[in-house]
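**Q** Chains as they are written, first to last, in our numbering: chain A, 160 to 582; chain B, 405 to 658.
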Amino acid sequence: MNSAADPIARAPTDWKGAVMQRRLRRRYRAERCFRLLGLAAVVGSAAFLAVLLVAVLGNGLGGFVQTRVALPLDLPRQGIAIEPVRLRGPGANLALAAANIEGATDAAAVAAFGRGGDDLLSDSAWLTVRDAIKADPTLLVRRATIAVPAADAIDSAAKGHGEAAARARLAALEARGAISRGVNWAFLTGADSTDSTSAGIWGALKGSIYTMLVTLALAFPVGLLAALYLEEYAPRNRWTDLIEVSINNLAAVPSITFGLLGLAIFLGTMHLPRSAPLVGGLTLALMTMPVIVIAGRGAIKAVPPSIRDAALGIGASPVQVVFHHILPLALPGILTGTIIGMARALGETAPLLMIGMRAFVAAPPKGFTDPSSVLPVQIFLWSDQIDRGFVEKTSAAIIVLLLFLFAMNGIAIYLRNRFETRW
Amino acid sequence: MNEQAKITARNVSVFYGANRAIDDVSIDIDRDNVTAFIGPSGCGKSTFLRALNRMNDTVANARVTGEIRLDGEDIYAPEMDVVQLRARVGMVFQKPNPFPKSIYENVAYGPRIHGLAAGKSQLDAIVERSLRRAGLWDEVKDRLADSGTTLSGGQQQRLCIARAIAVDPEVILMDEPCSALDPVATARIEELIHELKGRYAIVIVTHNMQQAARVSQCTAFFHLGALIEYGSTSDIFTNPREPRTRDYITGRYG
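Right, dumping it as structure tokens:
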């Protein structure tokens, strides 16, 4: 063979030469740079998350704690007398309110802490007194000291904020040993209030739970069935393409548009109750359904065709193929998509404002048609308030929202692991 | 009609859109023998095989013309139920494709959906008999609850054969069942085909001419969508009539 005539003849490659070494160094450098960039991205995201969590926790944890003032009560001397019979049964609250427990509480504060003493207590302090009397009617005939919620200013001062005057009064109270702290049950069990010391998150949390239930009950089956039909049954034609494009676009529509749609259809045409979890859930279901369809179709597409062949080959009907084989294999993916959609719906504020869920609701909803708030809207409303107490409550509500989210994700991970098939 | 013919195909053509994949094929598949389809890649032998239990129905824009009869019944007639047809004409695929379920469930699935077992004990018996016939029972009898996908490739393919015979089909179609297996597993499957011969009509598509010579009694040679030659395996391999068959058999192309 004549190598000189060979057009691609060349000298043997010098793997140790300078050019090769330079190439090698460049390759290593590129490798290192890429890894560093990736690491930086991860560390950066983690840092942002840490800052967020620290800020929210720092601001919000105080919201779960309540400052209490020990209030000496001497109800017999104040002339409060109620027959013990009336303290039983449903009429008790009414009887106690009629007996002017509120006035007695203020009077006791003035008696104990001097003029302006009633300003040291939360507006809802008398409710604590009332509940204490209901639990222990002997308070009506003896002297006792009970811990009642402190006023917003005192509470803020106790948590290291607040004005000088409030701090001075706090110091005086502390000197008497009248200050204590405890879990803020009012926050965990109450609904919205104009007074930050009695404002609670339970109303909004319950509203969110109801809303999510409606959304899930509607969006999951509809989305799942739509995904299955489109993937497994729909003929491939122009109509199917049109539906596919529409669903993809629907998933990208700004959420406030869905709010307007909900306002027009559910409230305007169907006359469903305003501010209700039912309407909120319906509106959010419109928004979540396309997300579930898209995720579901992806998961169904990812099921290997060989499984389909195997099932068909043994004589399974198309419905049996879908429900015995495709769906179980696609379910983990579908659940992941559902949770992503639900998490988005949980944090959604704009469409709910459109259907009236920004109303001030002072009682937790008892059902799907009761007026209610939801967590993100509650956060939005509280963030507008100027009281120091509400700043804390806003962050505390964010913590509750995040915990709700983590719980939802936890359920999703559990379900996914349960249904995941090992190959 | 030939009494020995389980399946008779007359003037069958298969189209994918405008593309004609099978051109006017007529063939009789013998009920007691193993029939091998051989031919170069893309010659349409798998397509024709899939026409025999209407698996092509699942391919959008596939179309079959002509006539295929199973024991005289037109399988493309409107009154033919395709689900029952596929139970009667079972299929084993190129790549072992057990369900990601337990070994037991893999075999029990077919009898269960077709209501072939009256109770748990009968189902157990069907599963055992099928696994025994597939020569897998001794290897898996202590681990029936394990996933079918934990088996080796050859075992998986025998599990798929057990799954196919669990519904007691009349015909078993095998689409290159050994192409993903090593020689030992292949030998095992070939042995199994020998044992199943006579009980079921078996059609096997294979790339491997030695395999066709070893397992089959009849051989059909396909080329470019047409059936070039069909006859007894010994004739095809020792004394082909067509020059194209001879060229393929002797390795001139393919």
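Ideal Cβ placement from N, Cα and C applies to all residues, glycine included.
All values derive from a computational prediction rather than experimental measurement.
Taking all protein chains shown into account, do 16 or more other C-beta atoms lie within 10 angstroms of the C-beta of H484 of chain A, making it buried, or fewer, making it exposed?
**A** By 1-based counting over the first sequence, the position of residue 484 of chain A is 325. So H484 of chain A counts as buried.
**Q** Please report how far the alpha carbon of G222 of chain A lies from the alpha carbon of L280 of chain A, in whole angstroms.
**A** The residue you call residue 222 of chain A lines up with position 63 of the first sequence. The residue you call residue 280 of chain A lines up with position 121 of the first sequence. Taking the straight line from one Cα to the other gives about 17 Å.
**Q** Is the beta carbon of I411 of chain B less than 8 Å from the beta carbon of I433 of chain B?
**A** For the purposes of this step, residue 411 of chain B is taken as residue 7 along the second sequence, with counting starting at 1. For the purposes of this step, residue 433 of chain B is taken as residue 29 along the second sequence, with counting starting at 1. Contact flag set, yes.
**Q** In the DSSP output, what is T226 of chain A paired with across the bridge?
**A** Numbered from 1 along the first sequence, position 67 holds the residue referred to as residue 226 of chain A. According to DSSP, T226 of chain A bridges with A:R340.
**Q** Tell whether a beta-carbon distance below 8 Å holds between P444 of chain B and H598 of chain B.
**A** Mapped onto the second sequence, residue 444 of chain B falls at position 40. Mapped onto the second sequence, residue 598 of chain B falls at position 194. Not in contact: P444 of chain B and H598 of chain B (Cβ atoms no closer than 8 Å).
**Q** Does any residue of chain A have a CB that is nearer than 8 Å to the CB of G514 of chain B?
**A** Translated into the one-based positions of the second sequence, residue 514 of chain B becomes position 110. Closer than 8 Å: yes.
**Q** If the cut is a Cβ gap below 7 Å, which residues of chain A does H518 of chain B touch?
**A** One-based indexing of the second sequence puts residue 518 of chain B at position 114. In chain order: G474.
**Q** Whose C-beta lies closer than 8 Å to the C-beta of A317 of chain A among residues of the same chain, with five residues either side of it excluded?
**A** Locating residue 317 of chain A in the first sequence gives position 158, counting from the first residue. The residues are T226, A309, L329, I338 and R340.
**Q** Identify, in the order they occur along the chain, each residue of the same chain with its Cβ nearer than 7 Å to the Cβ of R645 of chain B, setting aside the five sequence neighbours on each side.
**A** Looking up residue 645 of chain B in the second sequence gives position 241. Result list for R645 of chain B: E633, in chain order.
**Q** Does any residue of chain A have a CB that is nearer than 8 Å to the CB of Q560 of chain B?
**A** Taking the second sequence and counting its residues from 1, one reaches residue 560 of chain B at position 156. It does not: the Cβ of Q560 of chain B has no partner Cβ on chain A nearer than 8 Å.
**Q** Could you check where the alpha helix (DSSP H) with S417 of chain B kicks off and where it finishes?
**A** Locating residue 417 of chain B in the second sequence gives position 13, counting from the first residue. Premise fails: S417 of chain B lies in the beta strand (DSSP E), A409 to Y420, not in any alpha helix (DSSP H).
**Q** Look up M513 of chain A in the DSSP assignment and say whether it is helix, strand or coil.
**A** The count along the first sequence starts at 1 and reaches residue 513 of chain A at position 354. Note: M513 of chain A maps to helix in three-state DSSP.
**Q** For P231 of chain A, does the three-state DSSP call read helix, strand or coil?
**A** For the purposes of this step, residue 231 of chain A is identified with residue 72 of the first sequence, where counting begins at 1. The answer is strand: DSSP assigns P231 of chain A an E or B state.
**Q** What three-state label does DSSP hand V244 of chain A in the structure shown?
**A** What you label residue 244 of chain A is simply residue 85 of the first sequence in a count that begins at 1. Three-state DSSP puts V244 of chain A in a helix.
**Q** Counting only the same chain and skipping the five closest in sequence on each side, list residues whose C-beta sits under 7 Å from that of A410 of chain A.
**A** On the first sequence, residue 410 of chain A is found 251 positions in, with the first residue counted as 1. Within the same chain, A410 of chain A has close Cβ partners P449, V450 and I453.
**Q** Got a sec: is the Cβ-Cβ distance from G470 of chain B to anything in chain A below 8 Å?
**A** As a first step, residue 470 of chain B must be located in the second sequence, where it is residue number 66. No, G470 of chain B does not count as interfacial toward chain A.
**Q** Identify the continuous alpha helix (DSSP H) that holds I459 of chain A and give its terminal residues.
**A** Mapped onto the first sequence, residue 459 of chain A falls at position 300. Looking at the DSSP string, the run of the alpha helix (DSSP H) that includes I459 of chain A is P436 to K460.
**Q** Indicate whether at least one CB of chain B lies closer than 8 Å to the CB of E390 of chain A.
**A** Here residue 390 of chain A refers to the residue found at position 231 when the first sequence is read from its first residue. So, not an interface residue.
**Q** T528 of chain A and A470 of chain A - do their beta-carbons sit closer together than 8 Å?
**A** Your numbering for residue 470 of chain A matches position 311 in the first sequence. Your numbering for residue 528 of chain A matches position 369 in the first sequence. Contact flag unset, no.
**Q** Identify each residue in the region 417-440 of chain B for which the Cβ-Cβ distance to at least one residue of chain A is less than 9 Å, and report them in chain order.
**A** From the region 417-440 of chain B, no residue has a Cβ closer than 9 Å to chain A.
**Q** Which partner residues of P308 of chain A appear in the DSSP bridge assignment?
**A** Taking the first residue of the first sequence as 1, we reach residue 308 of chain A at position 149. BP columns for P308 of chain A point to A:R227.
**Q** Leaving out five residues on either side along the sequence, give the residues of the same chain with a beta carbon under 6 Å from the beta carbon of D428 of chain B.
**A** On the second sequence, residue 428 of chain B is found 24 positions in, with the first residue counted as 1. Contacts found: N415 and S417.
**Q** Can you give the beta carbon distance from G362 of chain A to P510 of chain A, rounded, assuming they're within the 8 Å contact cut?
**A** Taking the first residue of the first sequence as 1, we reach residue 362 of chain A at position 203. Taking the first residue of the first sequence as 1, we reach residue 510 of chain A at position 351. At roughly 20 Å, the Cβ-Cβ gap does not stay under 8 Å, so G362 of chain A and P510 of chain A are not in contact.
**Q** Kindly confirm or deny that the region 470-477 of chain B and the region 556-570 of chain B touch, where touching means at least three C-beta pairs closer than 8 Å.
**A** Result no; under three Cβ-Cβ pairs closer than 8 Å.
**Q** Under the assumption that A345 of chain A contacts G359 of chain A (Cβ atoms under 8 Å), give the Cβ distance between them as a whole number of angstroms.
**A** The count along the first sequence starts at 1 and reaches residue 345 of chain A at position 186. The count along the first sequence starts at 1 and reaches residue 359 of chain A at position 200. With 8 Å as the limit, A345 of chain A and G359 of chain A qualify as a contact, their Cβ atoms being about 6 Å apart.
**Q** Check for me: the beta strand (DSSP E) holding V607 of chain B runs from which residue to which?
**A** Position 203 of the second sequence, counted from the first residue, corresponds to residue 607 of chain B. Here the beta strand (DSSP E) through V607 of chain B covers A605 to V609.
**Q** Can you tell which of A:G321, A:V178 and A:L255 has the C-alpha that lies nearest to the C-alpha of D546 of chain A?
**A** One-based indexing of the first sequence puts residue 546 of chain A at position 387. Comparing Cα positions, the closest option is A:G321.
**Q** Quick one: which chain B residues come within Cβ less than 7 Å of R395 of chain A?
**A** Within the first sequence, residue 395 of chain A is the residue found at index 236, counting from 1. A464, listed in chain order.
**Q** Is it buried or exposed for A444 of chain A, if we count other Cβ within 10 angstroms and need 16 for buried?
**A** As a working note, residue 444 of chain A is residue 285 in the first sequence. Buried is the call here.
**Q** Excluding the 5 residues preceding and the 5 following G492 of chain A in the sequence, name in chain order all residues of the same chain whose CB lies nearer than 6 Å to its CB.
**A** Residue mapping note: residue 492 of chain A aligns to position 333 of the first sequence, counting from 1. Contacts found: A458.
**Q** Does any residue of chain A have a CB that is nearer than 8 Å to the CB of R645 of chain B?
**A** Within the second sequence, residue 645 of chain B is the residue found at index 241, counting from 1. R645 of chain B does not count as touching chain A.
**Q** Between A:G548, A:M429, A:L220 and A:L364, which lies nearest to D354 of chain A when the distance is taken from Cα to Cα?
**A** Sequence index remark: in the first sequence, residue 354 of chain A carries index 195 (1-based). Among A:G548, A:M429, A:L220 and A:L364, the Cα nearest to that of D354 of chain A belongs to A:G548.
**Q** How far does the alpha helix (DSSP H) with R547 of chain B in it extend, from its first residue to its last?
**A** As a working mapping, residue 547 of chain B is identified with position 143 in the second sequence. Looking at the DSSP string, R547 of chain B is not in any alpha helix (DSSP H), and its letter there is neither H nor E.
**Q** What alpha helix (DSSP H) runs, 4 residues minimum, are completely inside the region 430-463 of chain B?
**A** The qualifying runs are 449-455.
**Q** Against Q488 of chain B, what residues of chain A qualify as contacts under a CB-to-CB distance less than 8 Å, listed in chain order?
**A** Counting from one through the second sequence, the residue named residue 488 of chain B turns up at place 84. Going along chain A in sequence order, the residues near Q488 of chain B (Cβ under 8 Å) are G474.
**Q** Look up G635 of chain B in the DSSP assignment and give the residues it is bridged to.
**A** On the second sequence, position 231 is the one that residue 635 of chain B refers to. Answer is B:T623, bridged to G635 of chain B.
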